[in-house]
Structures are given as structure tokens and as C-alpha cells.
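Student: Here this note's numbering = 1-based position in the sequence shown + 183.
Built from N, CA and C at the ideal position, the CB exists for glycine as well.
Encoded as C-alpha cells, here's the structure I'll be asking about.
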Amino acid sequence: RPELRPDLRGASTRSRPAGMVPRAVKRVKRHKVISVLAALSLMLALLFVIQAIYTSMELESSKLEQETRVVEERARVDKYYQNVQIAMDFLAHPSGLGVNLNTTVALLKEAVQLFPERPEAHFYLGKIYSMQGNNRDALLEFTEAIQYGPDFSEAYMERALILMTSEERRVGEVGRSGW
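Take a look at the structure:
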């Protein structure tokens, strides 16, 4: 009945009673709510995708860091054995190589710094010190080689030779002085 319906054409929506919102406005609001919910659903799905990508990238980064550490360790090991090999070659042919004694000592010291717990570099450094007549440092290096390689029989032998020759010298000096 038209006479019971209030005339709302000229009035603003704020002055309308609560139940008197036109259907078109209700439909628009419903569409906006649905649109917002759809957008939120899409954003949530995108967040899951982004999180999955981020997790994947973290795993890849972790793998890359681990592979980098492995490569660096292999490089250290290669450098160590390269330096020890040069020292071995020098000791086998002291005059036949293009490497001099000081370079060989420096390479062996570098090898000891790379892996102080490996006996080979200590042993060859001891051999070179012994060749130079530096028995004190040679004994220290042979002792280190024995400490890190208890089965390193050559280190025991070289250490014993130095101790025997130094003991013989002391006995000779004592004999000459009349003791």
C-alpha cells in the first residue's frame, strides 16, 4: 500500500529508519563483502605460495653454504698436500728443483697452519731444520709429528738420530774437558 510507505525519495539515507535500506544498497554491500572476502582468500593463498618459495630459497641457500664450506675445505686439503709434496720433492732432489730451501720452509709452515694436527708437514719441517743444523727446532717438529701421528715411525727415527748425535757431542765435549 503506497499510502503507508513513507516517501524516502528526497531524504538522505542517514535519516531513514534502520530497516528501510533499499535493496540495491544491500546488494552492493553484499557484493563488496564477497569481493573483500575473495581478495582476502587470494591474498592468503599468495602468502602460502610466498612462504613456500621463501622456505625453498632458504633450503637452497643452506645447501649452497654447505657446498661452499666443502669446496673451501677441499681447497685447504689440496693446498696442504701440495705444499707437503713440494717439500718431499725438495728433500729428494735439493738442487734439482726450482724451489729453494726458504720457500720450502715457508710452504711447510703454511701447511702446518692449515692443518696443525697432521704429522706430515711437521715431519718434513723437522727434516729441513735438521739439514740446516737447527736440531732444537727439528726436535720440536719431530715431537709434534709423533704427537699427531703416533705410528709415524720415521719421526721417531729422525728424533732418535738427533738425540743420539747431540748426546755423542756432549760425551765428546765432556771427555775433552776432563770430566
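Would you mind stating whether residue 317 and residue 345 have Cβ atoms separated by less than 8 angstroms?
Tutor: no
Student: Could you pull out every residue in the same chain whose Cβ sits closer than 6 angstroms to the Cβ of residue 270, ignoring the five residues on either side in sequence?
Tutor: Counting only residues of its own chain and dropping the five nearest sequence neighbours on each side, residue 270 has a CB closer than 6 angstroms to the CB of 287, 291 and 307.
Student: Could you check the C-alpha separation between residue 274 and residue 245 for me, to the nearest Å?
Tutor: 44 angstroms
Student: Buried or exposed for residue 324, please, with buried defined as at least 16 other CB atoms from any protein chain shown within 10 angstroms of its CB.
Tutor: buried
Student: Looking at the structure shown, is residue 318 part of a helix, part of a strand, or coil, going by DSSP?
Tutor: It is helical.
Student: Could you spell out where the alpha helix (DSSP H) holding residue 300 opens and where it closes?
Tutor: Unbroken run through residue 300: none, as it is neither H nor E.
Student: How many Å lie between residue 348 and residue 255 at the Cα?
Tutor: 43 angstroms
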